[in-house]
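Participant: I have a structure here, written as structure tokens, and I will follow up with some questions on it.
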Ligand SMILES: CC(C)(COP(=O)(O)OP(=O)(O)OC[C@H]1O[C@@H](n2cnc3c(N)ncnc32)[C@H](O)[C@@H]1OP(=O)(O)O)[C@@H](O)C(=O)NCCC(=O)NCCS
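Numbering (UniProt numbering), first residue to last: 1 to 234.
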């Protein structure tokens, strides 16, 4: 099966959301930050859709799809999304946010607000935990992100269950890590699943730099912060 990695388009948003929801169903962070008894899947779809629409213009958002058979290319229906990755582009230290980026963030917030109204709430999101996570994340990034050129930040990587272990995750990493290597820049990610993800990310060239505890009383969500140094050109 030949796989191509292409930028996310609006047409692929439903498949992208399905892939993320399926791959993150047993994610420790997801299960810590959402109250499963109140989880509203439709509200979550609305939220992910807003994030995807924002990501098309503001993030490095890719999908993995089967390459259409060349002879059928003109007539074949568009192939299914098998995996996705969403990376934040690097932000150099001291460079202020552009008006465009500020406006795009504002549109995203507006869409999320509209979701709150439409679905009468956050769909099971525990906002106290969300803000605990945000605060710990900010502290960690302040300490770890010492390179003034900034970091390519892998926010989401997910491959459909039946397609895992076949090299699709590697392709989704490499489409961005190659860009980082060409510019001599570092990549960063946070994972809440240690097994098997930490091992998988090490194979992608990441090294563990810090563990992060998001604590809400006795309930702790551990995050593993990992950095990838750029590969030297031969
Ligand atoms: C993590 C994930 C994106 C990896 O994608 P994938 O397509 O399964 O990974 P690949 O097949 O490309 O494998 C990448 C490397 O990891 C290795 N690997 C794959 N599964 C592994 C496992 N269970 N244990 C150890 N190594 C593993 C592969 O051998 C490969 O190394 P190699 O290229 O040197 O041989 C995917 O498994 C996934 O979506 N998991 C659920 C969602 C998730 O946890 N997302 C991340 C949240 S931070």
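Cβ coordinates follow ideal geometry from the N, Cα and C atoms, glycine included.
#1: Count the other CB atoms, across all protein chains shown, that sit within 10 Å of the CB of residue 151; report buried if there are 16 or more and exposed otherwise.
#2: DSSP state of residue 120, grouped into three classes?
#3: Quick check on this structure: which residue in 213, 87 and 64 has the alpha carbon closest to the alpha carbon of residue 80?
#4: For residue 37, which of 68, 124, 109 and 48 has the nearest alpha-carbon?
#5: Buried or exposed: where does residue 16 fall if 16 or more other Cβ atoms within 10 Å of its Cβ makes it buried?
#6: For ligand 1, is there a heavy atom less than 7 Å away from the beta-carbon of residue 205?
#7: With DSSP as the reference, identify every bridge partner of residue 210, one or two as the case may be.
#8: Would you say the beta carbon of residue 184 is closer than 7 Å to some non-hydrogen atom of ligand 1?
#9: Say whether the stretch 92-108 touches the stretch 23-33, bearing in mind that this needs 3 or more beta-carbon pairs closer than 8 Å, one atom from each stretch.
#10: Locate the alpha helix (DSSP H) running through residue 296, then write down its first and last residues.
#11: DSSP three-state label for residue 94, please.
#12: Specify the secondary structure class of residue 2 as computed by DSSP and reduced to three states.
#13: Does ligand 1 have even one heavy atom less than 7 Å from the beta-carbon of residue 159?
#14: Provide the residue(s) that pair with residue 216 in DSSP beta bridges, ordered along the chain.
#15: Between the C-alpha atoms of residue 205 and residue 138, what's the straight-line distance to the nearest angstrom?
#16: Whole angstroms are fine: how far does the CA of residue 56 sit from the CA of residue 185?
#17: Let me know if residue 209 comes out buried or exposed under the rule of 16 or more other beta-carbons within 10 Å of its beta-carbon.
#18: Using the rule of at least 16 other Cβ atoms within 10 Å of the residue's Cβ for burial, across every protein chain shown, is residue 227 buried or exposed?
#19: With a Cβ-Cβ cutoff of 8 Å, do residue 45 and residue 158 count as a contact?
#20: Can you give me the C-alpha to C-alpha distance between residue 5 and residue 202, rounded to a whole angstrom?
#21: In the DSSP assignment, the beta strand (DSSP E) including residue 83 goes from what residue to what residue?
#22: Between residue 191 and ligand 1, is the CB less than 7 Å from at least one heavy atom?
#23: Would you kindly report the start and end of the unbroken alpha helix (DSSP H) that includes residue 231?
#24: Examine ligand 1 and report whether any of its heavy atoms sits within less than 7 Å of the Cβ of residue 21.
Facilitator: To lay it out plainly:
#1: Under this definition residue 151 is a buried residue.
#2: Correct three-state label for residue 120: coil.
#3: Nearest neighbour of residue 80 by Cα position, chosen from 213, 87 and 64, turns out to be 64.
#4: Minimum Cα distance to residue 37 is reached at 124.
#5: Of the other Cβ atoms in all chains shown, 16 or more fall within 10 Å of the Cβ of residue 16; this residue is therefore buried.
#6: Annotation for residue 205 indicates a beta carbon at 7 Å or more from all heavy atoms of ligand 1.
#7: Per DSSP, the beta-bridge partners of residue 210 are 225.
#8: No; taking the cut-off as 7 Å, the Cβ of residue 184 has no heavy atom of ligand 1 nearer than that.
#9: No: the two stretches stay apart, fewer than three of their Cβ pairs being nearer than 8 Å.
#10: With the chain covering 1 to 234 only, the question about residue 296 has no answer from this structure.
#11: For residue 94, the three-state secondary structure derived from DSSP is coil.
#12: The answer is coil: DSSP assigns residue 2 none of H, G, I, E or B.
#13: At a cut-off of 7 Å, the beta-carbon of residue 159 counts as near ligand 1: some heavy atom of the ligand is closer than that.
#14: In the DSSP output, where bridge partners are listed per residue, residue 216 has 219.
#15: About 23 Å.
#16: Inter-residue distance for residue 185 and residue 56 is about 22 Å (C-alpha atoms, whole angstroms).
#17: Exposed is the call here.
#18: Buried.
#19: Taking 8 Å as the Cβ cut-off, residue 45 and residue 158 do not qualify as a contacting pair.
#20: Between residue 5 and residue 202, the C-alpha separation is close to 21 Å.
#21: Residue 83 -> beta strand (DSSP E) spans 81-88.
#22: Distances from the CB of residue 191 to the heavy atoms of ligand 1 include at least one below 7 Å.
#23: Run containing residue 231: none; DSSP gives neither H nor E here.
#24: Because no heavy atom of ligand 1 lies under 7 Å away, the Cβ of residue 21 does not count as near it: no.
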